[in-house]
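According to numbering that gives the first Met the number 0, the stretch in the sequence shown is residues 0 to 126, in order.
The beta-carbon is built from N, C-alpha and C at its ideal position, and this holds for glycine as well.
What you are looking at is a predicted structure, and each value in this text was computed from that prediction instead of being measured.
Notes to accompany the following structure.
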Amino acid sequence: MGELGPEDGAGNTYSLRPGLQRRFKSSTVKECIRAILKEKLADVQYIPEEMPQLTKSLSETIKDRLKEEGFDRYKMVVQVVIGEQRGEGVNMAARCFWDADTDSYAHDVFMNDSLFCVVAAFGCFYY
0 MGELGPEDGA GNTYSLRPGL QRRFKSSTVK ECIRAILKEK LADVQYIPEE MPQLTKSLSE
60 TIKDRLKEEG FDRYKMVVQV VIGEQRGEGV NMAARCFWDA DTDSYAHDVF MNDSLFCVVA
120 AFGCFYY
């Protein structure tokens, strides 16, 4: 029975901060969100009965796409709100308690003649 050493790949794997290339980049996340919303909602009409399934599907698609971007050790939270376009105003807000050095968020809004969609994606580094 030999001792484990650095050659055996048993070194410390924890990190207190993400590497520069692995940080949550709001601009990259916003581009991902925008591309998915354009693809999935371009010709969609607002039908109230179909919106719950559509919001779940969009949030899963966005979350999966963000995981592919390589934000290692980030917990992703994606919020999707879809409403009917009736000329009314909507205000949304979010509050978070997080580490401003590592955690961040991105959001985007999509609108067509029938509906609006607001997506917020939060990335929180898991220590």
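Inter-residue CB distance, residue i and residue j (contact presumed, cutoff 8 Å)
{"i": "Ala120", "j": "Leu65", "result": "6 Å"}
{"i": "Tyr45", "j": "Glu83", "result": "5 Å"}
{"i": "Thr27", "j": "Glu68", "result": "6 Å"}
{"i": "Ile32", "j": "Val117", "result": "With 8 Å as the limit, Ile32 and Val117 do not qualify as a contact, their Cβ atoms being about 10 Å apart."}
{"i": "Asp107", "j": "Leu57", "result": "With a Cβ gap of about 11 Å, Asp107 and Leu57 do not count as contacting."}
{"i": "Arg21", "j": "Asp71", "result": "5 Å"}
Paired residues, beta bridge with residue i - DSSP
{"i": "Lys74", "result": "Cys123"}
{"i": "Glu83", "result": "Leu114"}
{"i": "Ser103", "result": "Gly122"}
Pick from the options that is closest to residue i, judged by C-alpha positions
{"i": "Met91", "options": "Val79, Gln84, Trp97", "result": "Val79"}
{"i": "Ser25", "options": "Ser103, Val89, Asp42", "result": "Ser103"}
{"i": "Gln76", "options": "Phe124, Met110, Cys116", "result": "As written in the sequence, residue 76 is Val, which differs from the Gln given in the question. It is Phe124 whose Cα lies nearest to the Cα of Val76."}
{"i": "Gly122", "options": "Glu49, Ile61, Ile35", "result": "Ile61"}
{"i": "Leu114", "options": "Met50, Asp71, Asp98", "result": "Met50"}
{"i": "Trp97", "options": "Ile81, Tyr73, Met110", "result": "Tyr73"}
{"i": "Asp85", "options": "Asp112, Thr101, Ala93", "result": "Before going on, a small fix: residue 85 reads as Arg here, not Asp. The shortest C-alpha separation from Arg85 is found at Asp112."}
{"i": "Leu15", "options": "Ala105, Phe109, Asp100, Met110", "result": "Asp100"}
{"i": "Ile81", "options": "Arg94, Glu59, Thr54", "result": "Thr54"}
{"i": "Val89", "options": "Ala105, Asp63, Met110", "result": "Met110"}
Helix, strand or coil at residue i according to DSSP, with G and I counted as helix
{"i": "Met110", "result": "strand"}
{"i": "Ala41", "result": "coil"}
{"i": "Asp63", "result": "helix"}
{"i": "Lys24", "result": "coil"}
{"i": "Ile35", "result": "helix"}
{"i": "Glu49", "result": "helix"}
{"i": "Leu15", "result": "coil"}
{"i": "Glu30", "result": "helix"}
Contact test: residue i Cβ vs the ligand FMN heavy atom, cutoff 6 Å
{"i": "Ser25", "result": "Because no ligand of any kind appears in the structure shown, any question about the ligand FMN cannot be addressed here."}
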